[in-house]
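Have a look at the structure below before the remarks.
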Amino acid sequence: MILLFIGPKGSGKDTQAAILEKNHGFVNISTGSLIRDEIRNKTELGMKSKELYDAGKYVTDELVFAILRKHLEELDTENIILNGVVRNTEQIGLTRDMLAEIGKQIDLVVYFDLSDQEAITRLSNRWTCPVDNTVYHTVFDPPHQEGICDKCGSKLVQREDDKPEAVKNRLNEDRTKNAPVIEHYREQNMLKEIDASKSIDEVSAEIEAIVTEAQ
């Protein structure tokens, strides 16, 4: 089963993906993480991505989907979460066609619906380890020692895009791009909408029911 997760930053996509990984053996795939891995491993695709990053440019869809396809073909499981992979209407077709070429398809789309205000509140309290990228939340998931990563002891930092004004701008941009994507999957009867303002356990129970029903 392939699930596509869509929703604003701070809506809990990563948290729920981790729960599905633990409880059901799903593999969580985020293109951002894949690109960083390729760059870290100095692969050909990674070096092309780094050139664009260093020039202040976005990684092209062509590169992103080449990296995504490479990793999907290496997986030995059918239970996959595509986490935030489709962000605009152009990527709907790119994702569909790429998956079809390797004999796969999206089975369900889960939309994490969250108000801008709640997203800003959540994200403005996020702090990240610059070494291992572990994310902490000062309210919901604080480190054992304030400002210090539990895993490696590094000093936590707040990413520029987690600061309130940056979050607000990003949310406005994402909603504009995501609205037609959400409507497309709704029209295809593939969309399941989740109230992401609920607790982690409540959202997890809803997703659990959705996955169980679909299997």
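Residue numbers for the sequence shown follow UniProt numbering, beginning at 1 and rising by one. For glycine and all other residues, C-beta sits at the position ideal for the given N, C-alpha and C. Model, not experiment: these values are computed from the prediction.
Pick from the options that is closest to residue i, judged by C-alpha positions
{"i": "R87", "options": "D201, P180, A209", "result": "P180"}
{"i": "F140", "options": "E213, L63, N125, H71", "result": "N125"}
{"i": "T176", "options": "L4, P8, I2, M1", "result": "P8"}
{"i": "R36", "options": "K48, V27, F26", "result": "K48"}
{"i": "V59", "options": "T43, G93, G32, W127", "result": "G32"}
{"i": "R159", "options": "W127, E51, Y185", "result": "W127"}
{"i": "H184", "options": "I207, I92, F112", "result": "I92"}
Burial state of residue i (16 or more Cβ within 10 Å)
{"i": "Q16", "result": "buried"}
{"i": "E38", "result": "buried"}
{"i": "V85", "result": "buried"}
{"i": "L114", "result": "buried"}
{"i": "G10", "result": "buried"}
Inter-residue CB distance, residue i and residue j (contact presumed, cutoff 8 Å)
{"i": "I6", "j": "N172", "result": "That pair is no contact at about 16 Å."}
{"i": "C152", "j": "V135", "result": "Incorrect: roughly 14 Å between the Cβ atoms, too far for contact."}
{"i": "N79", "j": "H137", "result": "That pair is no contact at about 27 Å."}
Inter-residue Cα distance where the pair is residue i and residue j
{"i": "A100", "j": "Q145", "result": "47 Å"}
{"i": "S197", "j": "L123", "result": "13 Å"}
{"i": "T212", "j": "D107", "result": "13 Å"}
{"i": "T77", "j": "N169", "result": "37 Å"}
{"i": "L82", "j": "V110", "result": "10 Å"}
{"i": "G12", "j": "I120", "result": "13 Å"}
{"i": "Q105", "j": "R96", "result": "7 Å"}
{"i": "T43", "j": "L20", "result": "29 Å"}
DSSP-derived helix/strand/coil call for residue i
{"i": "R126", "result": "strand"}
{"i": "H137", "result": "strand"}
{"i": "Y185", "result": "helix"}
{"i": "F5", "result": "strand"}
{"i": "D107", "result": "coil"}
{"i": "E78", "result": "coil"}
{"i": "K198", "result": "coil"}
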